[in-house]
Amino acid sequence: MNEHALKQLVQAKSEQELAELQVSIQNGGYSAFHQLLEGFKQQIKEMNDTQVQQVLEWIQTAERLFPDPGLFSPSWLHIWKELSEMVSIKTQLMQAVPVEERNGEWQVILDNPHTIQEVVCHPSLTFDHAAYLFSYFRPGLEKNEYIRLQKIQNKFIEVGS
62 MNEHALKQLV QAKSEQELAE LQVSIQNGGY SAFHQLLEGF KQQIKEMNDT
112 QVQQVLEWIQ TAERLFPDPG LFSPSWLHIW KELSEMVSIK TQLMQAVPVE
162 ERNGEWQVIL DNPHTIQEVV CHPSLTFDHA AYLFSYFRPG LEKNEYIRLQ
212 KIQNKFIEVG S
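In structure tokens, the structure reads:
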């Protein structure tokens, strides 16, 4: 199975081509299906406002081809719902932040102020990457945890010698 599983799904022009992809991924097992999922994650990361519906349609096609992704790994039992939820969350963020305000540096912060766990910060991101990470982590938040997407307005950087 090559690394372009999602590309093959997207470019399939017939049910026959989709069936061939289905067999190829089934024969490739875990690693082939994993490559398909990584393609979806990359697509969600790069997705812009005009691509939302198309990405959701691709997820629906993949779900039709692989209705029981738990056969590849139990951790993927609900992957189609999870990917659709990521698209939905990123869409909400794109609707909330106008295109002209998305340039610059962004970061995502995760914290639970009621525990002694460290704050997690993902700095130096583009809006698309930050919105993707937000959509990836948001569904799994535990009680009292929060996630914050923020644009860096001012920064000072010094490097030690």
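To convert, take the position in the sequence shown, counting from 1, and add 61; that gives our numbering. For each residue, glycine too, the CB sits at the ideal point set by N, CA and C.
* How about Y197 and M147: are their beta carbons less than 8 Å apart? -> yes
* To do: Take L144 and list the residues in its own chain whose beta-carbon comes closer than 6 Å to its own, dropping the five residues that flank it on each side.
  => F101 and I120
* Candidates Q112, V220, F127 and Q153: which alpha carbon is nearest Q83's? -> F127
* Express the C-alpha separation of P130 and V116 in angstroms, rounding to a whole number. => The straight-line gap separating the alpha-carbon atoms of V116 and P130 is approximately 18 Å.
* Paired residues, beta bridge with R254 - DSSP -> A question about residue 254 goes unanswered here, because the residues of the chain that appear run from 62 up to 222.
* Grab the span of the beta strand (DSSP E) containing V148 for me, first residue to last. => That residue, V148, is in no beta strand (DSSP E); its alpha helix (DSSP H) goes I140 to A157.
* To do: Give a yes or no on whether the C-beta atoms belonging to T122 and L67 are separated by under 8 Å.
  => It is not a contact, given that the beta carbons lie outside the stated cut-off.
* **K142 burial status per 10 Å Cβ neighbour count (16 or more: buried)** => Using a 10 angstroms sphere on the CB of K142, the tally of other CB atoms stays under 16, which defines it as exposed.
* To do: Find the nearest neighbour of E166 within the set A191, L202 and A80, judged by alpha-carbon distance.
  => That would be A191, whose Cα lies nearest to the Cα of E166.
* **Inter-stretch contact at 8 Å, needing at least 3 Cβ pairs: the region 130 to 140 / the region 173 to 192** => The region 130 to 140 makes no contact with the region 173 to 192, as fewer than three CB pairs between them are under 8 Å.
* Asked: Where do the ends of the alpha helix (DSSP H) carrying L117 lie?
  -> V113 to L126
* Pairwise C-alpha distance: Q114 and Q103 -> 16 Å
* To do: Taking only the alpha-carbon atoms, compute the straight-line gap between I213 and N164 and give it to the nearest angstrom.
  => Using only the alpha carbons, I get a separation of about 10 Å.
* 6 Å CB neighbourhood of R209 in its chain, flanking five on each side removed -> I170
* DSSP three-state assignment for S185, whether helix, strand or coil -> strand
* Under the three-state reduction of DSSP, which class applies to V71: helix, strand or coil? -> helix
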